[in-house]
Amino acid sequence: MKYIEEFRRHDLAHQLSAAISKAVKPDRDYHLMEFCGGHTHAIFRYGVQDLMPPNVKFVHGPGCPVCVLPIGRIDNAIELVERHDVILCTYGDVLRVPASGRRSLLKVKAAGADIRMVYSVRDALRIAQENPGRQVVFFAIGFETTTPPTAVAIRQAQAEGLGNFSVFCNHVLTPAAIQNILESPEVREMGAVSIDGFFGPSHVSTIIGSRPYEYFAEEFQKPVVIAGFEPLDVMQSALMLIRQLNEGRYDVENEYTRVVTREGNTKAQALVAEVFELRRVFEWRGLGLVPYSALRLKEAYSALDAEKRFDTPAIAASDVKGCECPSILRGVKRPVDCKLFGTVCTPENPMGSCMVSSEGACAAYWSYGRFRGPEPVSRESVA
Amino acid sequence: MCLALPAKVLAIDPMTDMGIVSPGGVRKHVSLALVDDVRVDDFVLIHVYALNKISEEEAKRTLQLFAGAWLTAGEPA
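So this is what it looks like as structure tokens:
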């Protein structure tokens, strides 16, 4: 496939690997946080870590929308189905996230609730058109990549006067989360997490551009390189970060120039700005309450806001006991530091969100066997 | 969630802002509502909707950057 194969070339990967080994200073470590779960998976799937010198370490960030969704919001969604008898439409990964009381949307669906897995918000619109007698709620999650399609759908529903459609909005913002990590006591004072630089997200940045990262690169003096999702993109971006760190620079650089500009997709930004506004605060799993980090529907579209149409009280819910997802999402712990990892928590039977999502760090460690080490763990001993 | 695929635009319906695109040989209908000035034979990045056009020129430049990394790798300072 064009724009994929050439960015996975074996020979170039080895050249980049050699260039990185030559560029690193032996007397220091390079802790590079990939914010985005897409990068975490590229690193594991293609063995990028093995092509790095030992002093280049990847720190996994919270950029996985399913992982950072607090349990209370899934409990809200379950309530929408059970108390208000709506048709709930959402993306596949959301269905499997454990909610309170050992439930999940998938289990509620199995018990007979009308929950539909959709590929796109347009499918949810179609379901609303086909079921005029039923209320249809789209459980919207995702970062800036996924928000513009939701905005288009909301405008279309408004234009068509689709009275039985509404959106339960959980769209969140990347720059606010990165800033929150950099301001956390673990990074600033305790030194529990070292972060020297960031890989900027690929497809979030195609929408928002590289400009929003300029503030915190300067403010926190951390370099950022916007990186594509293919393995060679990640390696080239690592080299660019290492060079910046060697030279004492903290600029925003863009490796993914084939789709990311400084300004981003202004048409998509305008659509999002027309439909959504900032929430003063939003809860993230792992990060807690993050100011101005999420979106809600503007007043002009409030008729399509599921939180206004139905009762969705804030629900305080705690994670499964022993689950280290919150620390893993902040980069404080690794999946292998969690007692549940690979024992009771596996992709088939996830206890925490990081094992559910195809972008979660735990799922990456498990799927690509990165926790096994020289002595393979037998299936019997972990079952 | 944020994963997206490059796809070639095969046909465009300007009335509905929809396009037929081909990610790796399959044919798929996607909305082009978020991208301006798309033409047939352009490559777009698709994630539910087409998110942006892909610049062939910039892709070539990045590939050259990979190939040149070893040559320009200086000694550690």
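Top line first, the protein sequences correspond to chains P and X.
Just so it is clear: in the first sequence, position 134 is 134 by the numbering used here, and no numbers are missing.
Just so it is clear: in the second sequence, position 22 is 1022 by the numbering used here, and no numbers are missing.
Backbone N, C-alpha and C define an ideal beta-carbon position, used for all residues, glycine too.
In whole angstroms, what separates the C-alpha of residue i from that of residue j?
i        : j        : result
L393(P)  : A227(P)  : Chain P is shown only over 1 to 383; residue 393(P) falls outside these bounds and no answer can be derived.
L1003(X) : Q129(P)  : 28 Å
D85(P)   : L241(P)  : 51 Å
Q179(P)  : A153(P)  : 30 Å
G342(P)  : I328(P)  : 15 Å
K333(P)  : A1033(X) : 41 Å
G322(P)  : F310(P)  : 33 Å
E375(P)  : E34(P)   : Reliability of the predicted coordinates at E375(P) is poor, the pLDDT of 47 falling under 50, and the value obtained from them is presented with this limitation in mind. Each residue's alpha carbon lies about 28 Å from the other.
L289(P)  : C36(P)   : 20 Å
G1019(X) : A42(P)   : 29 Å
R370(P)  : Q49(P)   : 10 Å
Q244(P)  : K107(P)  : 49 Å
P149(P)  : V59(P)   : 30 Å
C354(P)  : E79(P)   : 23 Å
A238(P)  : K1060(X) : 19 Å
E402(P)  : S205(P)  : Given that chain P is displayed from residue 1 to residue 383, the structure contains no residue 402(P) and the question cannot be resolved.
A113(P)  : I1046(X) : 31 Å
I87(P)   : V187(P)  : 43 Å
N55(P)   : P350(P)  : 32 Å
A300(P)  : L182(P)  : 35 Å
V281(P)  : L173(P)  : 11 Å
P98(P)   : K109(P)  : 13 Å
F199(P)  : F216(P)  : 13 Å
R1039(X) : V193(P)  : 47 Å
N170(P)  : G142(P)  : 7 Å
A124(P)  : Q135(P)  : 11 Å
S21(P)   : G38(P)   : 24 Å
D307(P)  : R73(P)   : Reading the sequence as shown, one finds Glu at residue 307(P) and not Asp. Spanning the two alpha carbons is a distance of roughly 11 Å.
G264(P)  : I208(P)  : 5 Å
V81(P)   : Y292(P)  : 28 Å
L271(P)  : H10(P)   : 40 Å
Identify, in the order they occur along the chain, each residue of the same chain with its Cβ nearer than 6 Å to the Cβ of residue i, setting aside the five sequence neighbours on each side.
i        : result
K1008(X) : S1022, F1043
E214(P)  : V252
L105(P)  : L95, I115
K339(P)  : G322
T90(P)   : F139
A268(P)  : P148, I207
Taking only three categories from DSSP, how would you classify residue i?
i        : result
P62(P)   : strand
S353(P)  : helix
D130(P)  : In the sequence as displayed, the identity of residue 130(P) is Glu instead of Asp. In this structure, E130(P) counts as helix in the three-state DSSP scheme.
G101(P)  : helix
I115(P)  : strand
A1069(X) : helix
Y30(P)   : strand
I979(X)  : Residue 979(X) lies beyond the residue range present for chain X, which begins at 1001 and ends at 1077; the question has no answer from this structure.
K308(P)  : helix
N164(P)  : coil
L984(X)  : Residue 984(X) is absent from the structure shown; chain X starts at 1001 and stops at 1077.
S1031(X) : strand
C67(P)   : helix
V377(P)  : Confidence at V377(P) is low in this model, with a pLDDT of 44, below 50, so the placement of that residue should be treated as unreliable; the coordinate-derived value is given next. In this structure, V377(P) counts as coil in the three-state DSSP scheme.
C362(P)  : helix
P291(P)  : strand
S210(P)  : coil
F282(P)  : strand
I4(P)    : coil
I1020(X) : strand
G37(P)   : helix
Keeping to the same chain, check which residues put their C-beta closer than 7 Å to that of residue i; ignore five residues upstream and five downstream.
i        : result
L304(P)  : I154, A157, Q158, F165, S166, V167, L297
P326(P)  : R285, G286, D319
Q221(P)  : Y250
G92(P)   : M117
P1014(X) : none
D337(P)  : E324
H203(P)  : T145
From the DSSP output, which residues share a beta bridge with residue i?
i        : result
C345(P)  : F341(P)
E277(P)  : R296(P)
G318(P)  : Checking the sequence shown, residue 318(P) turns out to be Ser, not Gly. Its beta-bridge partners do not exist; DSSP assigns none.
E253(P)  : V225(P)
L1005(X) : I1046(X)
L88(P)   : I115(P), V137(P)
Quick one: what's got a C-beta closer than 8 Å to residue i's C-beta in the same chain, skipping five residues either side?
i        : result
R8(P)    : Y46, E230, P231, L232
D1041(X) : K1008, V1009
H14(P)   : L51
P70(P)   : E283, W284, R285, A317
F44(P)   : A364, Y365, S367, Y368, R370
A388(P)  : The structure shown does not extend to residue 388(P), since chain P is modelled only from 1 to 383, so the question has no answer here.
P132(P)  : N164
P347(P)  : M355, V356, A363, W366, S367
M1(P)    : none
Q.
Under 8 Å: do the stretch 54 to 67 of chain P and the stretch 354 to 361 of chain P share three or more Cβ pairs, one atom per stretch?
A. yes
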